[in-house]
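Reminder that position 60 of the sequence shown reads as 477 in the working numbering, one-by-one numbering, no gaps.
C-beta atoms are modelled at their ideal positions from N, C-alpha and C, and glycine is treated no differently.
Read the structure below first, then the notes.
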Amino acid sequence: MPKTTIELTEAEWTIIKAVWADEPCTAPVIQQKLKKSTNWTYSTVRTLMDRMVAKGLLASEKLHHPTLYHSAITRQQAQRSELLYALKHAFNGALTPMVQCLLESEDLSADELAGLEALIKARKKDAKKPSP
């Protein structure tokens, strides 16, 4: 795992999502996969992927040519870091206004709301348990 705070640029999100869907993979495979949506050349993709290795977001192994890449972070780690960044910077660390904003800006179904309620109830139950 790289540093505690994982920060991905928009381009890095594009790359890592493609890697998660097809790992281990090579830069040419990722470039072809993203060609229509990004119009990136092979050298652009390779440079981005190599920089992501340096940042600890991807790992690489050069057993043969071309280099194989795989993720060094999980989707959950990246999502959590992104969410905590937004919480800190957009909401000054205040969770309630952030959740309120999400609830007011999205059309949530009754099932989604019930799921959120269940998560909150479970979390409350865990919080009430005494520590060992």
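Taking residue i as the reference, give the member of the options with the closest Cα.
i       : options                               : result
Pro-483 : Glu-499, Tyr-459 and Thr-513          : Tyr-459
Ala-444 : Thr-426, Leu-474, His-487 and Ile-423 : His-487
Thr-461 : Gln-448, Asn-509 and Lys-472          : Gln-448
Who pairs with residue i in a beta bridge, going by DSSP?
i       : result
His-487 : Ala-476
With C-beta atoms as the reference, is residue i less than 8 Å away from residue j?
i       : j       : result
Lys-450 : Asp-439 : yes
Leu-504 : Met-515 : yes
Locate the alpha helix (DSSP H) running through residue i, then write down its first and last residues.
i       : result
Gly-532 : 527-545
Cys-518 : 512-522
Glu-499 : 492-507
Pro-445 : 444-455
Leu-465 : 459-471
Thr-431 : 427-438
| Hey, is the region 487-503 in contact with the region 424-434, meaning 3+ C-beta pairs nearer than 8 Å? | A contact exists between the region 487-503 and the region 424-434.
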